[in-house]
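A quick write-up on the structure given underneath.
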Amino acid sequence: MSQIELNSTLIDVLQTQQRLDGAEELGSDDIGRKYLSFYIGGEMFASDILNVQEIRGWERPTALPNAPDYLLGVLNLRGTIVPVIDLRIRFGFTHWIYDKTTAIIILKTISESRERWMGCVVDTVSDVISCEDSSIKNLPSDGGTVDGLFIQGVMNVNQQGITLLNLENLLSLKLINHPFAGDLNIHG
Amino acid sequence: MTRILAVDDSTSMRQMVSFTLKTAGFDVVEAIDGVEALQAAKGQQFDVIISDVNMPNMDGITLVKEIRSLANYKFVPILMLTTESSSEKKQAGRAAGATGWIVKPFNPDQLLATVNKVVG
Amino acid sequence: MEIDLSQFHNVFFEESLEGLESMEQELLNLEDDADKESINTIFRVAHSIKGGSATFNFNEIADFTHILETLLDQMREGERNVTREIIDLLLRSVDSLRHMLVKLQQGEKVDNSYLQLLHAFEKILKNEDYTSKSTDAHEAKHATRSTHEAQSPAPQTALKNTRWCIQFCPKNYILQTGNEPYRMFRELKGLGHLDSHVNLLNVPDFDQLDPESCYLSWTLTLDAEVEESVIREVFEWVEDDCDLTITSIASDEKTSGECEDKNRQSSTERQSNKAPPHVTGDLASQSESFTDTEQAKESASDNASKLITVKSEEKVTGSVKAPAAASIRVGTDKIDTLIDQVGELVITQSMLGELGTKFDMSKLNALLAGLNELEQNTRQLQESVMRIRMLPIGFVFNRLPRMVRDLSKQLGKKVDLQISGEATELDKTVMEQIGDPLTHLVRNALDHGIESVDERLESGKSEEGQLSLNAFHQGGNIVIEIADDGRGIDPDRIIRHAVNKGLVEADTELSHEQILALVMEPGFSTAETVSDISGRGVGMDVVKRNINNLGGSVEIDSQQGEGTRFTIRLPLTLAILDGQLVKIADEVYVIPLVSIIESIAYSSVVVTRIAGNIPVVQSGKEYLPIINLCDEFAIKTSNQSGQKALLAIVEGENRKIAIHIDALLGQQQVVIKSLDNHYQAIQGISGATILGDGKVALILDIVGLARRAAKNHDAKRQVA
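Residue numbers (numbering that gives the first Met the number 0), protein chains in the order written: chain A, 0 to 187; chain B, 0 to 119; chain C, 0 to 719.
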């Protein structure tokens with residue numbers, strides 16, 4: 000990868016981050032809520048911008064023992080240890096690569112008054128978009144397939160269909176099939 | 000400037016002595032026991048040494064003996080800090096070569112008066 | 000000169016309290032073994048406190064410690080034996096002094112409760128019919144506040160003459176004591192007009208002259224209206240090192256010749272004055288006032304003794320509370336690290352500053368690298384600062400041996416207290432709050448856990464009960480275990496009582512753990528055996544609540560007839576571990592240094608397989624299971640081909656295992672980060688850390704891995 004390519008990727012990351020921050024300041028105005036859009040497996044997805052902590056370039060996480068294949072490991076985020084899942088693998092896509100455009104979006108949820116972060120690997124980050132609630136078609140969250148579990152609905156933006164992610168399920172620890180993890184009885 | 004070495008394992012006493020002497024214009028170095036004091040004495044020349052008797056690692060009496068064995072400290076005034084009831088300690092100190100004593104407890108003025116006796 | 004001594008008060012209080020801690024420890028040691036060093040240390044503590052308290056005018060403490068010092072001086076000179084009674088009194092003195100110092104520290108007045116102990120010591124000193132010198136001197140001091148004045152001889156005659164004839168004949172070696180006749184003359188000059196005549200008779204020939212000796216003597220005439228004692232004081236230091244004669248002359252006699260003659264005979268008399276004259280002098284003149292004060296003391300101490308008996312229980316409780324100090328002692332190594340890191344921060348800042356001055360996009364890379372570096376620096380700095388507040392739990396543990404000793408004596412039981420992990424660090428504020436719950440649990444163990452000697456012997460146990468206190472880090476927690484080998488908790492009794500109290504329904508099925516947990520339920524207390532030391536059940540719920548408030552948890556494990564163990568888990572703001580970094584399959588792991596026994600080359604060992612195809616390696620007389628983490632952790636690696644260079648022999652909970660590693664990397668202190676902030680705990684891993692390059696390294700849970708290996712072994716054995 001050449002220096003220029005690297006630089007431009009990083010510029011993109013920075014600028015997107017900028018817009019991200021700007022969007023948060025504006026909050027939701029009359030043109031609808033803000034979302035961050037990104038590509039996974041060639042398709043466009045989105046997440047509410049309020050759930051986006053930050054965007055990072057690709058960095059190989061430290062592997063965790065006995066982890067499912069989509070749980071790549073953990074990363075250091077300014078002193079905090081954050082788990083990283085690869086959404087391409089999670090969603091069952093067959094091809095994925097790690098290159099200069101690959102990004103890790105740190106998404107956050109609040110459960111039991113605790114804020115939890117998780118890094119999600121995507122092909123590339125796209126843009127900050129607005130969408131009114133009326134343009135979103137919600138899917139039943141208990142949809143039989145794995146996909147249904149992680150999808151909140153479909154957004155219609157500029158004639159394009161963007162899949163809105165259900166973060167509560169996506170980031171749920173219970174739904175991560177990690178043997179030997181969770182509530183441990185330390186005494187054996 | 001007259002340089003004084005103050006030796007006492009009690010921090011509060013050391014601080015009091017040091018502060019009093021410094022305020023009076025003396026140059027003061029502190030040591031917490033005989034070992035540190037001997038080291039300091041070898042490192043630079045002091046004009047007066049003031050030392051407590053009861054200290055760990057090396058007590059005051061031994062310190063006096065050690066100091067007197069150094070060529071450049073044969074005639075330097077050494078004052079012992081003693082308690083009023085231990086005349087044997089005073090004797091032992093003198094026998095070891097101490098110049099005189101300051102009786103505990105003492106106040107800053109008494110300290111200065113005694114130090115001035117041996118200075119200049 | 001006006002010097003405000005109060006600026007030194009706080010240092011005095013702190014150092015005295017510290018000294019008392021060390022004195023207490025040494026006294027406890029002394030009970031087992033009369034060690035000379037211990038006695039010396041104890042003496043020095045008393046001596047220091049006495050000196051300081053007298054200097055800063057804390058008179059009660061000065062008086063009290065003076066008598067302690069007298070007694071201890073006899074003990075260290077071998078003139079008095081160390082007895083149980085004395086140790087007991089000294090321990091109680093420690094409590095009393097602590098009490099007094101804390102009061103003074105808070106700006107309050109000291110009460111008279113110490114007087115009872117003072118009297119007890121006086122009795123001891125008198126009983127042995129030891130030389131009256133020390134006790135007399137003490138009494139004299141007690142009666143008056145004379146300090147420096149006592150040094151000067153009591154006025155012998157009221158004679159005040161205007162002219163004095165002083166014959167000063169110093170011994171040869173006088174200069175070698177650092178004394179200088181000229182200085183003494185200078186002082187005399189300050190009293191009045193001085194005439195001096197030097198006598199050269201004793202000066203030897205030049206070739207026999209020793210430049211370091213003094214061969215001179217002087218006849219001095221002083222015109223001053225002073226008492227003889229004042230003149231004598233000038234020569235006080237060299238009393239024994241000279242022949243000194245002082246006579247007064249009628250002012251009309253002017254010849255110094257006459258001066259000499261008259262004084263020749265009396266010079267020898269002056270030498271016998273060895274003991275400081277002030278001792279006998281003061282006693283005689285002040286015996287009347289002494290008896291008055293003596294009587295006053297008597298009535299005060301009567302009241303005091305009443306105070307003491309009522310307060311004794313409180314004292315046992317109170318003695319373990321570590322006063323929340325407003326200052327911390329910090330090791331200089333922590334400060335040095337802080338300074339280094341600030342230095343690195345400054346470098347990074349200046350580098351970024353430079354980048355910023357003429358920035359263009361081609362420097363973006365460098366900027367990002369710089370920002371990354373900044374993140375590292377800041378994080379490390381933050382960790383270092385937090386580390387400053389980390390103190391070893393030993394500070395809290397240290398209070399317990401004394402309490403155990405006193406309590407076990409009171410209960411008539413024999414207890415052996417073993418403490419380990421005192422160096423385990425935790426945050427200062429957490430430590431201040433864990434003292435009370437810890438105390439309570441230890442007292443509970445002593446009171447209800449450990450049985451009497453008879454009961455123990457009957458059940459085939461050793462007569463001495465075992466009480467152990469242990470602390471260690473696990474993940475982001477500090478674990479404190481309090482275990483005894485006493486009678487354990489009777490689950491049936493607990494259930495019955497809980498049902499009685501309405502805490503559970505009569506026929507509920509409860510697991511062993513659930514039953515034990517009932518002990519800490521609020522409202523649970525076995526009323527029939529509430530002792531005055533620690534009511535059973537009363538306070539246990541408070542203990543649990545206090546620990547929960549700190550964000551921690553407490554568990555009970557108990558087997559009837561065998562013993563009980565309380566396990567307290569507290570989260571840490573910061574946990575530090577000494578770690579050995581190792582490379583296993585492209586990843587860096589951390590093995591706690593304390594668990595490593597050795598590492599051996601893989602090629603040099605013989606690997607055998609035992610039941611169930613478990614590979615083991617022989618180490619000494621044992622066979623240790625070999626753990627391959629790639630298998631254990633299901634890690635895919637490019638390096639599968641068994642290029643394992645080393646085996647690390649580690650130990651957890653007395654179980655040894657051998658772990659395959661590719662390479663040994665450095666050793667360093669790591670900050671333990673928990674995985675459960677944003678993820679969850681994982682078996683085999685006790686935490687994570689961030690390395691110098693910003694990458695995450697997982698910390699292996701050796702205890703867990705060893706347990707798993709043992710389980711596997713058992714399981715496979717059964718199958719085979």
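By construction, the Cβ of each residue, glycine as well, lies at the ideal position given by its N, Cα and C atoms.
1. Taking 9 Å as the CB-CB limit, is R2 (chain B) close to chain C?
2. If we ignore side chains and look at the alpha-carbon of each, how far apart do G550 (chain C) and I671 (chain C) end up?
3. Just reading off the alpha helix (DSSP H) that M539 (chain C) is part of, what are its end residues?
4. May I ask which residues mark the beginning and end of the alpha helix (DSSP H) holding F12 (chain C)?
5. Between the region 124–131 of chain A and the region 35–46 of chain A, do three or more beta carbon pairs fall short of 8 Å?
6. Looking at C-alpha atoms only, which residue of C:N56, C:Q513, C:R495, C:E512 is the closest neighbour of A505 (chain C)?
7. How many whole angstroms separate the CB atoms of L71 (chain A) and P60 (chain A), which I take to be in contact at a CB cut-off of 8 Å?
8. Output, in chain order, the set of chain C residues within a Cβ distance shorter than 7 Å of A62 (chain A).
9. Counting only beta-carbon atoms, is V117 (chain B) nearer than 9 Å to chain C?
10. Starting from Q14 (chain B), find everything on chain C with Cβ-Cβ shorter than 8 Å and list it in chain order.
11. Please report the residue range of the alpha helix (DSSP H) in which N499 (chain C) lies.
12. Taking 9 Å as the threshold (beta carbon to beta carbon), is N53 (chain B) in contact with chain C?
13. I'd like the list of long-range same chain contacts for L166 (chain A), defined as Cβ closer than 7 Å, with 5 residues on each side in sequence excluded.
14. Taking 9 Å as the threshold (beta carbon to beta carbon), is L674 (chain C) in contact with chain A?
15. Can you tell me whether I334 (chain C) is buried or exposed? The criterion is at least 16 other CB atoms within 10 Å of its CB, across all chains shown.
16. Measure the C-alpha to C-alpha separation of T101 (chain A) and I567 (chain C) and round it to an integer number of angstroms.
17. Assign R722 (chain C) to one of three DSSP states: helix, strand, or coil.
18. Taking C-beta pairs closer than 7 Å, name the residues in chain B that E14 (chain C) reaches, listed in chain order.
19. Could you check the C-alpha separation between R328 (chain C) and E235 (chain C) for me, to the nearest Å?
20. Could you run through the region 158–176 of chain C and flag, in chain order, every residue whose CB is less than 7 Å away from some CB of chain B?
21. Hey, out of C:Q558, C:Q559, C:R544, whose CA is closest to S552 (chain C)'s CA?
22. For T100 (chain A), which three-state DSSP category applies?
23. Give a yes or no on whether 9 Å exceeds the smallest Cβ distance from I80 (chain A) to chain C.
24. Run down chain A in chain order and give the residues with a C-beta less than 7 Å from the C-beta of E374 (chain C).
25. Helix, strand or coil for F18 (chain B)? Go by DSSP, reduced to three states.
26. Below 8 Å on the Cβ atoms is my guess for G651 (chain C) versus I596 (chain C); work out the distance and round it to an integer in Å.
27. Would you mind telling me which residues of chain B sit closer than 7 Å to E186 (chain C), beta carbon to beta carbon, in chain order?
28. Given N176 (chain A), which residues of its chain have a CB within under 7 Å of its CB, disregarding the five upstream and five downstream residues?
29. Using a Cβ-Cβ cut-off of 9 Å, state whether N6 (chain A) counts as contacting chain C.
30. Is the CB of I2 (chain C) under 9 Å away from at least one CB in chain B?
31. Which one or two residues does DSSP pair with R608 (chain C) in a beta bridge?
32. Tell me which same chain residues have a C-beta within less than 6 Å of the C-beta of S284 (chain C), skipping the five on either side of it?
33. Straight-line CA distance for N115 (chain B) to V429 (chain C)?
34. Going by other Cβ atoms of all chains shown within 10 Å of its Cβ, with 16 needed for buried, is Q617 (chain C) buried or exposed?
35. Below 8 Å between beta carbons is the criterion; list the residues of the region 57–81 of chain B that meet it against any residue of chain F, in chain order.
36. With 8 Å as the C-beta to C-beta threshold (strictly closer), list the residues of the region 93–113 of chain B near chain C in chain order.
Per the coordinate set shown:
1. no
2. 18 Å
3. 539–548
4. Note, F12 (chain C): alpha helix (DSSP H), 8–31.
5. yes
6. The option with the nearest alpha carbon to A505 (chain C) is C:R495.
7. 5 Å
8. Neighbourhood of A62 (chain A) in chain C, by CB distance below 7 Å: E586, I634, in chain order.
9. yes
10. Residues of chain C with a Cβ closer than 8 Å to the Cβ of Q14 (chain B) are, in chain order, F7, V10.
11. Start and end: 490–499.
12. yes
13. These residues qualify, in order along the chain: S46, N50, L106, T108.
14. yes
15. It is exposed - the Cβ of I334 (chain C) has fewer than 16 other Cβ atoms within 10 Å.
16. Distance from the CA of T101 (chain A) to the CA of I567 (chain C), rounded to the nearest whole angstrom, comes to 45 Å.
17. Residue 722 (chain C) is absent from the model: chain C starts at 0 and stops at 719.
18. S9, T10, S11
19. 43 Å
20. Residues of the region 158–176 of chain C with a Cβ closer than 7 Å to any Cβ of chain B, in chain order: L174, Q175, T176.
21. C:R544
22. coil
23. It does: the Cβ of I80 (chain A) has a partner Cβ on chain C nearer than 9 Å.
24. R77
25. Note: F18 (chain B) maps to helix in three-state DSSP.
26. That pair is no contact at about 11 Å.
27. K116
28. Taken in chain order, the residues that qualify are P67.
29. Here the model assigns N6 (chain A) a pLDDT of 47, short of 50, so the residue's position is not dependable and the matter cannot be decided.
30. Taking Cβ atoms only, chain B reaches closer than 9 Å to I2 (chain C), which makes this a yes.
31. C:P614
32. The predicted model places S284 (chain C) with a pLDDT of 37, which falls under 50 and marks its position as unreliable, so this point remains unresolved.
33. Their Cα atoms are separated by approximately 51 Å.
34. exposed
35. Here chain F cannot be found, since the structure's protein chains are A, B and C.
36. Interface annotation for the region 93–113 of chain B against chain C: R93, G96, A97, T98, G99, W100, V102, K103, P104, F105, N106, P107, D108, Q109, L111, criterion Cβ-Cβ distance under 8 Å.
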